[in-house]
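One rule links them: number in this note's numbering = place in the sequence shown (from 1) + 279.
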Amino acid sequence: MTKPDYYTQIMPYIIIDGADGFIPFIKAVFNANERLIVPHTDGTIMHAEFSIGEGTIMFTQSTEKYSAFPCGMFILVDDVDETYARALANGAESMQEPGDMEYGRAAGFKDMWGNVWWLNNPGS
């Protein structure tokens, strides 16, 4: 296999209950771009790859063999407040409202799959 040009040095790999519902969430919140979806024979997601900015996130539908587990992610965004608002509008739960910190504008939320996202814009 030749490494795709959108692969980065490290990429989160998430196992999710209801992986098909995760796709519209990351598209709406992060404007994620589909790179690859490989379905199981039953139509569930065996493997998916989506780009968010310059990063790539991979995920799969949980199975009896591979149970779901949450992931924590730190993500740089252009507009913390806007991204946070889109996340809440799409069902996420607030972990930290947007605010100015010594390291930039920051916020945090938990999505419906238990993943925690820490947003940051160090230039704010």
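Ideal Cβ positions, reconstructed from N, Cα and C, are used throughout, including at glycine.
Remember, it's a predicted structure, so these values are computed and weren't measured experimentally.
Contact between the stretch 364-384 and the stretch 333-348 is absent: fewer than three C-beta pairs spanning the two stretches fall below 8 angstroms.
Measuring C-alpha to C-alpha distances from Lys344 to each of Met325, Asn394, Ile331 and Asp358 identifies Met325 as the nearest. Boundaries of the alpha helix (DSSP H) harbouring Asp360: Val359 to Ala368, taken from the DSSP string. If you ignore the 5 residues before and after Asn312, its C-beta comes within less than 7 angstroms of the C-beta of Phe329 and Ser330, all in its own chain and listed in chain order. Taking a contact to require three or more Cβ pairs closer than 8 angstroms, the stretch 379-389 and the stretch 283-297 do not qualify as touching. Excluding residues up to 5 positions away in sequence, Pro377, Ala386, Phe388 and Leu398 lie with their Cβ nearer than 7 angstroms to the Cβ of Tyr363 in the same chain.
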